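One structure below.
There are 2 protein chains.
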Amino acid sequence: MWRVFFTSAIVAVVVRTAMGWCKSGICGHFGGGGFIIWDVSDGQDDYYFKELLPMAVIGVIGGLLGALFNQLTLYMTSWRRNSLHKKGNRVKIYEACIISCITSAISFGLPLLRKCSPCPESIPDSGIECPRPPGMYGNYVNFYCKTDNEYNDLATIFFNTQDDAIRNLFSAKTMREFSAQSLLTFLAMFYTLAVVTFGTAVPAGQFVPGIMIGSTYGRLVGMFVVRFYKKLNIEEGTYALLGAASFLGGSMRMTVSLCVIMVEITNNLKLLPLIMLVLLISKAVGDAFNEGLYEVQARLKGIPLLESRPKYHMRQMIAKEACQSQKVISLPRVIRVADVASILRSNKHNGFPVIDHTRSGETLVIGLVLRSHLLVLLQSKVDFQHSPLPCDPSARPIRHSFSEFAKPVSSKGLCIEDIHLTSDDLEMYIDLAPFLNPSPYVVPEDMSLTKVYNLFRQLGLRHLFVVPRPSRVIGLITRKDLLIEENGESSAVELQQSTSRSVQ
Amino acid sequence: MWRVFFTSAIVAVVVRTAMGWCKSGICGHFGGGGFIIWDVSDGQDDYYFKELLPMAVIGVIGGLLGALFNQLTLYMTSWRRNSLHKKGNRVKIYEACIISCITSAISFGLPLLRKCSPCPESIPDSGIECPRPPGMYGNYVNFYCKTDNEYNDLATIFFNTQDDAIRNLFSAKTMREFSAQSLLTFLAMFYTLAVVTFGTAVPAGQFVPGIMIGSTYGRLVGMFVVRFYKKLNIEEGTYALLGAASFLGGSMRMTVSLCVIMVEITNNLKLLPLIMLVLLISKAVGDAFNEGLYEVQARLKGIPLLESRPKYHMRQMIAKEACQSQKVISLPRVIRVADVASILRSNKHNGFPVIDHTRSGETLVIGLVLRSHLLVLLQSKVDFQHSPLPCDPSARPIRHSFSEFAKPVSSKGLCIEDIHLTSDDLEMYIDLAPFLNPSPYVVPEDMSLTKVYNLFRQLGLRHLFVVPRPSRVIGLITRKDLLIEENGESSAVELQQSTSRSVQ
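From first to last, the protein sequence lines are chains A and B.
Numbering of the first sequence is given in the working numbering, commencing with residue 910 and proceeding in unit increments.
Numbering of the second sequence is given in the working numbering, commencing with residue 910 and proceeding in unit increments.
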């Protein structure tokens, strides 16, 4: 965290300085803009109690549309995975091309069908021109209008970069710029396109489209509020901003982080409580229907994502009950290569306990070996030995580097079918002791499953041994023991602690 | 988090609405102010590369003064605990009274010794008047000056509420308001007073005094910077703000949270990167000397606070080595009251393992019982029984409520010396089975101490059993097992998971 924090501070200062050098225009567009993409600090300054109801309505709409979005993209993505993309990589390219053609046709064609509106007579002290001068970025786009004093409101959103479209939707002091009809048309088309595009083979984010969708219906609600409360100083742009927050909240279901992001990109701290309220309402409404966008997609990909809290019924369960689905296969310390190969073929377990015998004949669990590490050992073959006896660890040369055991980033890792073993290889032995995790976390068999769940979540575990209840306790560690180990016994602070401890 | 978030949003909206009602002045002072205490959004807008060096200097000063502050308060607090406050509660009251008298005398006396300065000729477009009108809060305090066109710069800081003093120090467009001499005098006096006051028997925060100290030397550095870079548009107030951040960073050693707080109370997002840099420098400098203020004080109070990461030398240690400082005392399931009393008297352990025997004669650890719970059982006496045999849990009435076992908030809890037991009581038995934690977390004896440390930190544990290596593995739990238990086997998502699992 400290490093990330430091890096981002340096980045901000360097970019800022570079922008200062480029201000004269010598670097083209790089001198313009800033860290705050959509500055709304000149917008609505205060809000009224009466406005809370329409804002809550925005939250509800955001929750509903967001939950619907998650559900539709779930269907689309699973359809893509299960049927469309199985037909080969070429299909992915065709799909992306077709969708981009449709998007272009809609973005160009729909504004053409819309009549131009006359420019407003006066735009108070904002520096906004209508229509915008040619070659500039701005509001009030003249798109094939007949006269020079007209603009096309649909083109102002559609036929623009998404950044500028959002800036136009958020803009203050541009009352009645958009007609309800245009906003509804845009909302329907863009929502559909966003659902269809999500999951195609193009790198695309979900943030800016989400803000687009949200700010459209937000501005729509804002138009009605402005018309209803004529006497109050209300801006449509504020509602567009709240709409954006509500859709992101309804779809992604983040609260605090989204709030910080919304404030950072709009630079209006005074709207923070409203953004918070709208986010919470939309998240609550969305949660009533389904999970967040990222959770849904992660589950679809088979990523074992654990929720932050265990389910209530887990309180009634014990650890042993959770592991009855699969039989544990234990490996001896020194094992025949043929046995390893057959065990790896016969099941899909990712980890195996390794058992050894003490001299007195007792069995002892000495660690956990991972499937992926066994596969690496089988492939490299350098650790095969003829003797079925454990080798001496001090005499043993180190034949592997750490990187060999690391899972490659781009492939799915080794597979037992890929490894060719000769019949001589199969007759040899392998000593697993140097390759195992000697102390995986363990839980007693009758521990509550909620406790096990917390252990998994908090420590980010992948495997856990369920063992019999221990027969004796060797020691008891407390926080104070760890503090003694941490500080060394002689430090002054530690001495003071022990005095205060004895007082307590 | 969700609840806190919701509550604060509601609070913000309600306060805002109430402030709107009170704006006419009918509620006195309650209509004024706002959420942003020290608004500096009209201050310096841009910063220059050359400014980074003086800002780094502020960070270093903040780190040094912050670390010194932590060290001095540590000495003061331990002196208070060990000698002054042991003389009784009356001493605490005298101490607080004396310190408040000294503070008052200094705040009133020192500005009197200082000569007044003439008001600046023109203060550009800021609405600041010099001297401030009587009865108003503001800058340029006229404190026993001879003419009406003068102000006393030391009184502007000293003889003011701390909130207003900070506002004056942060203020932009008030160049050369303070003399270096006044700022240095104030810094020395206020720093000393802050050190002396910290830990007295008065409820006092550390935040506003920290901002006061920091903004003083920050403004001092700013004065030199303004004089050095005459052509640049630099404000002294910006440096005061950075100074405040640096002292808080050097003393409290928080980074991200302090950054957010500083931005929230000053409403200037553009200075965020600078605040981040200054905070990091001051934290790094401070960390070279000692720990943060809260950590130092928590250790002094004997609170077993674990650092976020284990020390490096713990990698070489195993769990068993950490618990050799104390011998474990195990209790049988049914134990004589006399034995419980003597065990509790003879040591200070807070938790005891409870051992039972199976029918086949093996021993088995059945749980952990806390010292505090044993004391409650001894005091209430209702669970004493004549027979040394375990009682039948189904026949047993519930004689305790949960609240009996909760530690009282205000006292230090029960003590074995407070409990009176008759000789009849001592001859009786008590069955511990219903009162123990049946599955405390356990670790094998040779687990790496860093792993044990992480377990403690992440789960917030207080006790941990160190047990022998298990002899067999009953089962192995993976994340997927937990997901199956979470979702139920029949859900659609689960089915898709199992298919994708088999593909992988």
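Where is the CB? At the ideal position from N, CA and C, for every residue including glycine.
On a predicted model such as this, the values are computed, not experimentally measured, just so you know.
Taking DSSP as the reference, what is the three-state secondary structure of residue 1365 of chain A? Here the question's residue 1365 of chain A lines up with position 456 in the first sequence. Here residue 1365 of chain A sits in helix by DSSP.
Best match in B:954, B:932 and B:976 for proximity to residue 1200 of chain B [C-alpha to C-alpha]: Residue 1200 of chain B sits at position 291 when you count from the first residue of the second sequence. Closest by alpha carbon: B:976.
Would you mind sorting residue 1338 of chain A into buried or exposed? The rule is 16 or more other CB atoms within 10 Å of its CB. The count along the first sequence starts at 1 and reaches residue 1338 of chain A at position 429. Residue 1338 of chain A comes out buried.
Considering just the uninterrupted stretch of the alpha helix (DSSP H) at residue 1333 of chain A, what are its terminal residues? Residue 1333 of chain A sits at position 424 when you count from the first residue of the first sequence. Looking at the DSSP string, the run of the alpha helix (DSSP H) that includes residue 1333 of chain A is 1332-1335.
Got a sec: is the Cβ-Cβ distance from residue 994 of chain B to anything in chain A below 7 angstroms? Numbered from its first residue, the second sequence carries residue 994 of chain B at position 85. Taking a beta-carbon distance threshold of 7 angstroms, residue 994 of chain B does not count as an interface residue toward chain A.
Using C-beta distances below 7 angstroms, list every residue in its chain close to residue 1290 of chain B, excluding the 5 sequence neighbours before and after it, in chain order. Translated into the one-based positions of the second sequence, residue 1290 of chain B becomes position 381. Hits under 7 angstroms: 1334.
Buried or exposed, going by whether 16 or more other CB atoms sit within 10 Å of the CB of residue 1412 of chain B? Taking the first residue of the second sequence as position 1, residue 1412 of chain B is located at position 503. Because the pLDDT at residue 1412 of chain B is just 36, under 50, the model does not fix this residue reliably, and the value given afterwards should be weighed accordingly. Around the beta carbon of residue 1412 of chain B, a 10 Å sphere encloses fewer than 16 other beta carbons of the protein chains shown; the residue is thus reported as exposed.
Since residue 1375 of chain A meets chain B, which of its residues come closer than 8 angstroms, beta carbon to beta carbon? The residue given as residue 1375 of chain A occupies position 466 in the first sequence. Going along chain B in sequence order, the residues near residue 1375 of chain A (Cβ under 8 angstroms) are 1382, 1383, 1384, 1385 and 1386.
With distance defined between alpha-carbon atoms, name the residue in B:1116, B:1025, B:1063 and B:1267 nearest to residue 1017 of chain B. Position 108 of the second sequence holds residue 1017 of chain B. The candidate whose alpha carbon is nearest that of residue 1017 of chain B is B:1063.
I need the DSSP call for residue 1266 of chain B, collapsed to helix, strand or coil. Start at 1 with the first residue of the second sequence, and residue 1266 of chain B comes out as number 357. Looking at residue 1266 of chain B - three-state DSSP - the assignment turns out to be strand.
Looking at residue 1125 of chain B and residue 1095 of chain B, is the spacing between their C-beta atoms short of 7 angstroms? What you label residue 1095 of chain B is simply residue 186 of the second sequence in a count that begins at 1. What you label residue 1125 of chain B is simply residue 216 of the second sequence in a count that begins at 1. Going by C-beta atoms, residue 1095 of chain B is nearer than 7 angstroms to residue 1125 of chain B.
Roughly how many whole angstroms lie between the Cα atoms of residue 956 of chain A and residue 910 of chain B? On the first sequence, residue 956 of chain A is found 47 positions in, with the first residue counted as 1. On the second sequence, residue 910 of chain B is found 1 positions in, with the first residue counted as 1. Using only the alpha carbons, I get a separation of about 26 angstroms.
Selection of the stretch 1247-1271 of chain A by Cβ proximity to chain B, strictly under 9 angstroms: Taking 9 angstroms as the Cβ-Cβ cut-off against chain B, the residues of the stretch 1247-1271 of chain A that qualify are 1257, 1258, 1259, 1260, 1261, 1262, 1264 and 1271.
Leaving out five residues on either side along the sequence, give the residues of the same chain with a beta carbon under 7 angstroms from the beta carbon of residue 1279 of chain B. Numbered from 1 along the second sequence, position 370 holds the residue referred to as residue 1279 of chain B. Around residue 1279 of chain B: 1259 and 1260.
Every unbroken beta strand (DSSP E) inside the stretch 1222-1309 of chain B [3 residues or more]: 1243-1245, 1260-1266 and 1272-1279
Test: residue 1076 of chain B CB closer than 7 angstroms to a CB of chain A: Walking along the second sequence from the start, residue 1076 of chain B turns up at place 167. For residue 1076 of chain B, the answer is no, since every Cβ of chain A falls outside 7 angstroms of its Cβ.
Segment limits, beta strand (DSSP E) that includes residue 1497 of chain B: Past the edges of chain B, shown from 910 to 1413, lies residue 1497 of chain B, and the structure says nothing about it.
Rounded to the nearest angstrom, what separates residue 1128 of chain A and residue 1118 of chain A at their Cα positions? Walking along the first sequence from the start, residue 1128 of chain A turns up at place 219. Walking along the first sequence from the start, residue 1118 of chain A turns up at place 209. Each residue's CA atom was taken as its position, placing residue 1128 of chain A and residue 1118 of chain A some 15 angstroms apart.
Of the residues that make up the stretch 946-977 of chain B, which ones have a beta carbon closer than 9 angstroms to any beta carbon in chain A? 950, 955, 956, 957, 958 and 961
C-beta contact flag for residue 1130 of chain A and residue 1143 of chain A at 7 angstroms: Translated into the one-based positions of the first sequence, residue 1130 of chain A becomes position 221. Translated into the one-based positions of the first sequence, residue 1143 of chain A becomes position 234. Against a cut-off of 7 angstroms, the Cβ pair of residue 1143 of chain A and residue 1130 of chain A comes out as no contact.
Count the C-beta pairs between the stretch 1216-1230 of chain B and the stretch 1269-1276 of chain B that are closer than 8 angstroms, then say yes if the count reaches three, no if not. no
For a contact defined as C-beta to C-beta under 7 angstroms, what are the partners of residue 1389 of chain B on chain A? Within the second sequence, numbered from 1, the residue matching residue 1389 of chain B stands at position 480. Chain A residues near residue 1389 of chain B: 1213.
Using the rule of at least 16 other Cβ atoms within 10 Å of the residue's Cβ for burial, across every protein chain shown, is residue 1317 of chain A buried or exposed? In the first sequence, residue 1317 of chain A corresponds to position 408, counting from 1. Counting Cβ neighbours within 10 Å, residue 1317 of chain A comes out exposed, since fewer than 16 surround it.
Which value, in whole angstroms, describes the spacing of the CA atoms of residue 971 of chain A and residue 1203 of chain A? Your numbering for residue 971 of chain A matches position 62 in the first sequence. Your numbering for residue 1203 of chain A matches position 294 in the first sequence. The straight-line gap from Cα to Cα measures roughly 17 angstroms.
Taking the beta strand (DSSP E) that residue 1339 of chain A falls in, what are its first and last residues? Numbered from 1 along the first sequence, position 430 holds the residue referred to as residue 1339 of chain A. Counting along the chain, the beta strand (DSSP E) containing residue 1339 of chain A begins and ends at 1338-1340.
Residue 1232 of chain A: buried (16+ other C-beta within 10 angstroms of its C-beta) or exposed? For the purposes of this step, residue 1232 of chain A is taken as residue 323 along the first sequence, with counting starting at 1. Buried, by the Cβ-count rule.
Under three-state DSSP, which class holds residue 1351 of chain B? In the second sequence, residue 1351 of chain B corresponds to position 442, counting from 1. DSSP places residue 1351 of chain B in strand when its eight states are reduced to three.
Note the first and the last residue of the continuous alpha helix (DSSP H) segment covering residue 966 of chain B. Within the second sequence, residue 966 of chain B is the residue found at index 57, counting from 1. Start and end: 961-988.
Span separating the alpha-carbon of residue 1388 of chain A from that of residue 1213 of chain B: On the first sequence, position 479 is the one that residue 1388 of chain A refers to. On the second sequence, position 304 is the one that residue 1213 of chain B refers to. Cα-Cα distance, rounded: 6 angstroms.
Could you work out which residues of chain B lie near residue 1311 of chain A, taking near to mean beta carbons separated by less than 9 angstroms? Sequence index remark: in the first sequence, residue 1311 of chain A carries index 402 (1-based). Under the 9 angstroms cutoff, chain B gives no residues; its nearest Cβ is about 16 angstroms from residue 1311 of chain A.
If you drop the 5 nearest sequence neighbours on each side, which residues of the same chain put their C-beta closer than 7 angstroms to that of residue 1249 of chain B? Residue 1249 of chain B sits at position 340 when you count from the first residue of the second sequence. The residues are 1283, 1287 and 1339.
Cα-Cα, which of B:981, B:1065, B:991 and B:986 is closest to residue 1019 of chain B? Along the second sequence, read from residue 1 onward, the residue named residue 1019 of chain B stands at position 110. Here the closest residue by C-alpha is B:1065.
If you draw a straight line from the alpha carbon of residue 1150 of chain A to that of residue 953 of chain B, how long is it in whole angstroms? Within the first sequence, numbered from 1, the residue matching residue 1150 of chain A stands at position 241. Within the second sequence, numbered from 1, the residue matching residue 953 of chain B stands at position 44. Distance between the alpha carbons of residue 1150 of chain A and residue 953 of chain B: 27 angstroms.
Name the two residues that bound the continuous alpha helix (DSSP H) containing residue 1104 of chain B. On the second sequence, residue 1104 of chain B is found 195 positions in, with the first residue counted as 1. Looking at the DSSP string, the run of the alpha helix (DSSP H) that includes residue 1104 of chain B is 1089-1106.
What residues in its chain sit with their C-beta under 8 angstroms from that of residue 1281 of chain B, if we drop five residues either side in the sequence? Walking along the second sequence from the start, residue 1281 of chain B turns up at place 372. Cβ-Cβ distances below 8 angstroms link residue 1281 of chain B to 1259, 1314, 1316, 1322 and 1323 in the same chain, with the five nearest sequence neighbours on each side left out; the list follows chain order.
7 angstroms is my cut-off, CB to CB: does residue 916 of chain B come that close to chain A? Along the second sequence, read from residue 1 onward, the residue named residue 916 of chain B stands at position 7. Closer than 7 angstroms: no.
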